[in-house]
Amino acid sequence: MKRLGVLTGGGDAPGLNAVIRAITKTAIREYGIEVIGFRDGFKGVMEDQRMLLTESAVSGILPRGGTILGTTNRDNPFKYQVAEGRFEDRSEQCINKIKEHADALIVIGGDGSLSIAHELSLKGLPVVGCPKTIDNDLAVGQAKTFGFDTAYAFATEALDRLHSTAESHHRILVLEVMGRYAGHIALHAGLAGGADIILIPELPFTYDKIIAKIQDRLQQNKRFSLVVVAEGAKQLGGEMVIQKMIAGSDDPIRLGGIGETVAGQLEKLTGIESRVTVLGHLQRGGSPTPYDRILATRYGVAATDLAAQGQFGYVVSLDGENIKPIHLSQVAHGIRKVDIEGELLKAARKIGISFGD
């Protein structure tokens, strides 16, 4: 192998630059391989936008959030938009363009990008995957994906700040965090930040159960409550709150508004002033935590090792203390949800946290 391609796809996450840095340094120093970065995910492949990644190019990017390559959650080569409302399979063109500039490709992404990587692998492209998502919902073992630690640490800090103002004004404060189909951020941040109520997609809630918790706190002379709600949480028998739909996207649903809905209902039903804070993309930005920097670096090194050794069709995964390869077929289209019978959720219940169920 002489040239190794790399791209970042899907939503950005703290730690992406750490992976790019690790891939570049390992490829050059350990194997003498040139690294080509495709800009803006598969869009850069299709539009022939790329850059040479040298040690100088990745110098100083370890603590930076985002990705120096850029990213997008559109431009799926298997469903490539050629005109308004018209899509074509351009996967062969994609593969040919990659092979013009690289002997193999490392795809850093979440379920959508890794699903594309799997399909390209089935068509003969030498591919290695590197898992990324702040939602921690990839079906890659039981370990954290990089970006998650930073995201829930920020959400925890937000709860710490909200606690003092909620207590001072005797309010119900609702914090809406990311988590479309899995409530890992909400659960971890809620537990770490002392939330009283945590609402997650895996456990549809009822307002009766939430109000019962609030009333119990009032009887204990606790005149405020903190509620953490994942954006994909929904009322029992109801649907997720959709903000808008994006045409042409592999993931067209844009959630948002559940926090406002919950706060409005709780104020109406309890008479207690309720406010909502939506963290949104603040969870994606900023410098990665030390944990995410280290995990991302380890993933970058491991992915480069696999590519250099000709082990394609795999994604790197943290299994306990060790990183091991898992076949892309086990990851593509998979989502790992919160284990509602797991130790973490049971611990939260035992200390009095309500899940509205």
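In my numbering, the protein residues as written are 255 to 611.
Idealized CB from N, CA, C, for every residue including glycine.
- Query: T410 lies in the alpha helix (DSSP H); which residues open and close that run?
  - Reply: 402 to 423 is the extent of the alpha helix (DSSP H) around T410.
- Task: Could you say if the region 285 to 305 and the region 320 to 327 meet the contact criterion of at least three C-beta pairs nearer than 8 Å?
- Result: A contact is defined here as three or more CB-CB pairs under 8 Å, and the region 285 to 305 meets this definition with respect to the region 320 to 327.
- Query: At which residue ranges does the region 258 to 327 contain complete beta strand (DSSP E) runs of 3 or more residues, listed in the order of the chain?
  - Reply: Entirely contained in the region 258 to 327, the beta strand (DSSP E) runs reaching 3 residues are, in chain order, 288 to 292, 304 to 307.
- Return the Cβ separation of V382 and L533 in integer angstroms, given the expectation that the two are a contact with Cβ distance under 8 Å. About 32 Å separates the two Cβ atoms, so there is no contact after all.
- Taking V481 as part of the beta strand (DSSP E), name the residues at either end of that continuous run. Its beta strand (DSSP E) spans residues 479 to 484.
- Span of the alpha helix (DSSP H), counted from its first residue to its last, around H442: That run of the alpha helix (DSSP H) goes 438 to 446.
- Task: Would you kindly report the start and end of the unbroken alpha helix (DSSP H) that includes R529?
- Result: No alpha helix (DSSP H) holds R529; the beta strand (DSSP E) holding it covers 528 to 532.
- Message: Quick check on Q469 - is its C-beta less than 7 Å from some C-beta in chain B?
- Response: In the displayed structure, chain B is absent; only one protein chain is listed.
- Message: I'd like the list of long-range same chain contacts for M499, defined as Cβ closer than 6 Å, with 5 residues on each side in sequence excluded.
- Response: Hits under 6 Å: P506.
- Task: Look up L560 in the DSSP assignment and say whether it is helix, strand or coil.
- Result: Three-state result, L560: helix.
- Would you identify the three-state DSSP class for K578, choosing helix, strand or coil? Correct three-state label for K578: strand.
- Identify whether S369 lies in helix, strand or coil by the three-state DSSP scheme. Here DSSP, grouped into helix, strand and coil, assigns S369 to helix.
- Among residues of its own chain, excluding the 5 on either side of L490, which ones have a beta-carbon nearer than 8 Å to its beta-carbon? Around L490: P458, F459, T460, D611.
- Query: Could you give the C-beta distance for G264 and S367, rounded to a whole number, given that I count them as a contact under 8 Å?
  - Reply: Separation of the CB atoms of G264 and S367 is rounded to 5 Å, and the pair is thereby assigned contact status at 8 Å.
- Between G513 and V483, what straight-line distance do the alpha-carbon atoms span, to the nearest angstrom? The alpha-carbon of G513 is positioned some 6 Å away from that of V483.
- Task: Tell me G513's beta-bridge partners as DSSP assigns them.
- Result: The partner list for G513 (beta bridge, DSSP) is empty, contrary to what the question assumes.
- Message: Tell me the residue span of the alpha helix (DSSP H) that contains K353.
- Response: Residues 345 to 355.
- Item | Which residues DSSP lists as bridging T362, in chain order | The sequence given here has Ile at residue 362, not Thr. Under the DSSP definition of a beta bridge, I362 partners with T262, C384.
- Count the other CB atoms, across all protein chains shown, that sit within 10 Å of the CB of I426; report buried if there are 16 or more and exposed otherwise. I426 should be labelled buried.
- Please work out which residues of its chain come closer than 6 Å, Cβ to Cβ, to P380, disregarding the five sequence neighbours upstream and downstream, and give them in chain order. Cβ neighbours of P380 beyond the five flanking positions: A358, F566.
- Where P317 falls, given that 16 or more other Cβ within 10 Å makes a residue buried: When all chains shown are included, P317 counts as exposed.
- Task: Tell me whether Q537 is buried or exposed, calling it buried when 16 or more other Cβ atoms sit within 10 Å of its Cβ.
- Result: Classification of Q537: buried, given that the 10 Å Cβ count is 16 or more.
- Which of the three DSSP states, helix, strand or coil, is assigned to Y334? If DSSP states are grouped into helix, strand and coil, Y334 belongs with the strands.
- Query: Quick one: what's got a C-beta closer than 7 Å to I589's C-beta in the same chain, skipping five residues either side?
  - Reply: Once the five neighbours on either side are set aside, the close Cβ partners of I589 are D365, D391, A393, Y435, A436.
- Quick one: what's got a C-beta closer than 8 Å to I577's C-beta in the same chain, skipping five residues either side? Answer for I577: R552, Y553, A556, V570, S571, listed in chain order.
- Message: For E284 and K256, which I take to be in contact (beta-carbon distance under 8 Å), what is that distance rounded to the nearest angstrom?
- Response: About 14 Å separates the two Cβ atoms, so there is no contact after all.
- Message: Does the structure place the region 589 to 602 close enough to the region 404 to 421 that three or more beta carbon pairs sit under 8 Å?
- Response: Result no; under three Cβ-Cβ pairs closer than 8 Å.
- Item | Straight-line gap, T558 to V516 (C-alpha atoms, nearest Å) | About 45 Å.
- Message: Less than 6 Å between C-beta atoms, sequence neighbours within five positions excluded: which residues of the same chain meet that for R344?
- Response: If we look at R344 and ignore the five residues flanking it on each side, its Cβ neighbours are P331, Y334.
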